[in-house]
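Enquirer:
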Amino acid sequence: YLESAKKGDSIAQYQLGYYYQYVVKDCAKAFIWYSKSANNGHAESQNNLGFCYEKGFGTDKNYDKAFEWYSISANNGCALGQNNLGQCYKYGRGVTQDYEKAFEWYSKSANNGYALGQNNLGECYENGNFVAQNYEKAFEWYYKSANNGYAEGQNNLGLCYEFGTGTTRNYNKAFEWYSKSANSGFSFGQNNLGQCYEYGRGVVHDFEKAFEWYSKSANNECAAGQNNLGDCYYYGCGIIQDYEKAFEWYSKSANNGHALGQNNLGQCYEYGRGVIQDYEKAFEWYSKSANNGCVEGQNNLGICYNNGIGTSVNVQEAIIWYQMAS
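Our numbering puts the first residue of the sequence shown at 23, with every later residue one more than the last.
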């Protein structure tokens with residue numbers, strides 16, 4: 023490609039940039055060739071150049087420049103650029119936050135067949151972000167994303183089938199799509215597949231399989247998976263009971279902001295399971311869990327205030343937290 027690239031062939035320049043990015047792992051050279059190709063009008067290179075500026079890949083991070091190149095790419099019909107331009111508008115990167123514009127560009131990307139754009143459009147419809155909430159539309163776009171091989175879309179489609187969101191509840195279908203997502207390496211899909219095995223949803227109960235998938239999810243930094251792996255060790259589910267391991271994984275989950283993991287870490291400190299008993303630490307983690315909306319954490323925080331566990335007795339505060347938990 024080098025000779026053609028030097029002669030100004032935008033496709034060859036793009037391919038050379040791709041080669042340096044993914045094969046040689048030379049960020050600076052990838053940036054150079056994407057720049058040349060982008061300035062010669064290659065829409066996908068324009069998107070990739072935006073990515074370089076957004077992530078600081080081979081150049082200094084610059085959201086304004088990222089927005090500029092995503093805009094050029096998107097207006098040249100690149101579905102990837104359209105999705106990324108939607109992200110800029112959603113998060114206010116290089117431009118004033120504008121949810122309606124985000125929805126507009128996700129829609130264009132999705133209708134151009136880009137799986138990530140289809141998933142993002144599905145999320146807009148599911149959550150009522152930038153558009154009236156519409157579960158049937160959410161299901162429709164997750165279905166397209168999933169069938170285009172996008173792991174997050176496959177997980178979201180699994181959730182639709184599990185909870186009957188925009189479609190009839192079907193545990194067998196949920197299991198099928200979680201499996202595809204999990205085997206593609208998506209950590210949330212791995213956690214959800216673990217839950218299918220643990221509770222026998224769409225598949226025969228298998229605690230060892232549940233443990234296996236929770237382990238993969240946890241090691242891929244899914245906070246819910248880390249909490250569930252902690253549960254496996256705490257209760258001896260699919261593995262020999264090990265309070266120290268349970269404490270380790272609850273700690274990771276809690277520090278990643280998972281409310282139930284924070285509650286479970288509080289219980290480890292309260293009862294001295296896997297760690298030296300520490301009522302003040304128990305109170306601290308119950309507080310975090312409670313303030314993150316976990317009912318169990320709110321109830322346990324109420325107990326702390328009621329009985330003076332790790333804090334002074336405060337019956338009024340106890341009542342407040344009991345009421346929130348009820």
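By construction, the Cβ of each residue, glycine as well, lies at the ideal position given by its N, Cα and C atoms.
Source: prediction; values computed, not measured.
#1: If I follow the unbroken alpha helix (DSSP H) through Ile54, where does it start and stop?
#2: With DSSP as the reference, label Ser131 as helix, strand or coil.
#3: So, do the segment 302-315 and the segment 326-337 have three or more beta carbon pairs nearer to each other than 8 Å?
#4: Just the Cα atoms here: how many angstroms apart are Gly116 and Gly72?
#5: Could you tell me if Tyr221 is buried or exposed, where buried requires 16 or more neighbouring beta carbons within 10 angstroms of its beta carbon?
#6: Where do the N-terminal and C-terminal ends of the alpha helix (DSSP H) with Gln345 fall, by residue?
#7: Got a sec, what are the start and stop residues for the alpha helix (DSSP H) Glu292 sits in?
#8: Identify which residue in Tyr111, Tyr172, Gly78 and Asp82 has its Cα closest to the Cα of Ser93.
#9: Using only the alpha-carbon positions, how far apart do Asn169 and Ala196 sit?
#10: Can the beta-carbon of Lys58 be found less than 8 Å from the beta-carbon of Tyr75?
#11: At the level of alpha carbons, what is the spacing between Glu270 and Gly252?
#12: Could you tell me which of Trp199, Gln37 and Ala173 sits nearest to Asn70, measuring between CA atoms?
#13: Given 8 Å as the limit, is there contact between the segment 203-220 and the segment 168-184, that is, 3 or more CB pairs closer than that?
#14: In angstroms with no decimal places, state the Cα-to-Cα distance between Cys146 and Asp120.
#15: Buried or exposed for His227, going by 16 or more other Cβ atoms inside 10 Å?
#16: Sorted by chain position, which residues of the same chain lie with C-beta nearer than 7 Å to Phe229's C-beta, five sequence neighbours on each side aside?
#17: Give the single residue among Gly144, Tyr113 and Ser67 whose Cα lies nearest to the Cα of Tyr85.
#18: On the three-state DSSP scale, how would you describe Phe73?
#19: With Tyr308 as the anchor, note down where its alpha helix (DSSP H) starts and where it stops.
#20: Report the residue from Ile341, Asn314, Gly315 and Cys316 whose alpha carbon sits nearest the alpha carbon of Cys326.
#21: Run the CB neighbour count on Tyr128, radius 10 Å, all protein chains shown included, and call it buried at 16 or more, exposed below.
#22: Taking 8 Å as the threshold (C-beta atoms), are Ala52 and Gly99 in contact?
#23: Hey, how far is the Cα of Tyr56 from the Cα of Ala50?
#24: Give the DSSP-derived three-state secondary structure of Asp264 in the structure shown.
#25: Measure the C-alpha to C-alpha separation of Glu162 and Val225 and round it to an integer number of angstroms.
Expert: So, from the listed chains and residues:
#1: Counting from 1 along the sequence shown, the entry for residue 54 is found at position 32. Start and end: Cys49 to Asn61.
#2: Here residue 131 refers to the residue found at position 109 when the sequence shown is read from its first residue. The answer is helix: DSSP assigns Ser131 an H, G or I state.
#3: yes
#4: As a working note, residue 116 is residue 94 in the sequence shown. As a working note, residue 72 is residue 50 in the sequence shown. If you take the alpha carbons of Gly116 and Gly72, they lie about 11 Å apart.
#5: Position 199 of the sequence shown holds residue 221. With fewer than 16 Cβ atoms within 10 Å of its Cβ, Tyr221 is classed as exposed.
#6: On the sequence shown, residue 345 is found 323 positions in, with the first residue counted as 1. Looking at the DSSP string, the run of the alpha helix (DSSP H) that includes Gln345 is Val337 to Ala347.
#7: Walking along the sequence shown from the start, residue 292 turns up at place 270. Segment Ala281 to Tyr293, the alpha helix (DSSP H) holding Glu292.
#8: Taking the first residue of the sequence shown as 1, we reach residue 93 at position 71. Of Tyr111, Tyr172, Gly78 and Asp82, the residue nearest in Cα terms is Tyr111.
#9: Here residue 169 refers to the residue found at position 147 when the sequence shown is read from its first residue. Here residue 196 refers to the residue found at position 174 when the sequence shown is read from its first residue. Cα to Cα, Asn169 sits roughly 14 Å from Ala196.
#10: Working through the sequence shown from its first residue, we reach residue 58 at position 36. Working through the sequence shown from its first residue, we reach residue 75 at position 53. Cβ distance not < 8 Å, so Lys58 and Tyr75 don't count as in contact.
#11: Along the sequence shown, read from residue 1 onward, the residue named residue 270 stands at position 248. Along the sequence shown, read from residue 1 onward, the residue named residue 252 stands at position 230. Going by the C-alpha atoms only, they are around 7 Å apart.
#12: Residue numbering aside, residue 70 sits at position 48 when the sequence shown is read from its first letter. The residue with the shortest Cα to Cα distance from Asn70 is Gln37.
#13: Three or more Cβ pairs closer than 8 Å define a contact, and the segment 203-220 meets that threshold against the segment 168-184.
#14: Position 124 of the sequence shown holds residue 146. Position 98 of the sequence shown holds residue 120. So the alpha carbons of these two residues sit roughly 13 Å apart.
#15: Taking the sequence shown and counting its residues from 1, one reaches residue 227 at position 205. Classification of His227: exposed, given that the 10 Å Cβ count is below 16.
#16: Along the sequence shown, read from residue 1 onward, the residue named residue 229 stands at position 207. Same-chain partners within the cutoff: Glu220, Cys259 and Gly260.
#17: Counting from one through the sequence shown, the residue named residue 85 turns up at place 63. Out of Gly144, Tyr113 and Ser67, Tyr113 has the C-alpha closest to the C-alpha of Tyr85.
#18: Walking along the sequence shown from the start, residue 73 turns up at place 51. DSSP places Phe73 in helix when its eight states are reduced to three.
#19: Residue 308 sits at position 286 when you count from the first residue of the sequence shown. Tyr301 to Asn313 is the span of the alpha helix (DSSP H), which, as asked, contains Tyr308.
#20: Counting from 1 along the sequence shown, the entry for residue 326 is found at position 304. Considering only alpha carbons, the answer is Ile341.
#21: Residue numbering aside, residue 128 sits at position 106 when the sequence shown is read from its first letter. Tyr128 should be labelled buried.
#22: What you label residue 99 is simply residue 77 of the sequence shown in a count that begins at 1. What you label residue 52 is simply residue 30 of the sequence shown in a count that begins at 1. Going by C-beta atoms, Gly99 is not nearer than 8 Å to Ala52.
#23: Along the sequence shown, one-based indexing puts residue 56 at 34. Along the sequence shown, one-based indexing puts residue 50 at 28. Using only the alpha carbons, I get a separation of about 10 Å.
#24: One-based indexing of the sequence shown puts residue 264 at position 242. For Asp264, the secondary structure class from DSSP, reduced to helix, strand or coil, is coil.
#25: Numbered from 1 along the sequence shown, position 140 holds the residue referred to as residue 162. Numbered from 1 along the sequence shown, position 203 holds the residue referred to as residue 225. Whole-angstrom Cα-Cα distance: 25 Å.
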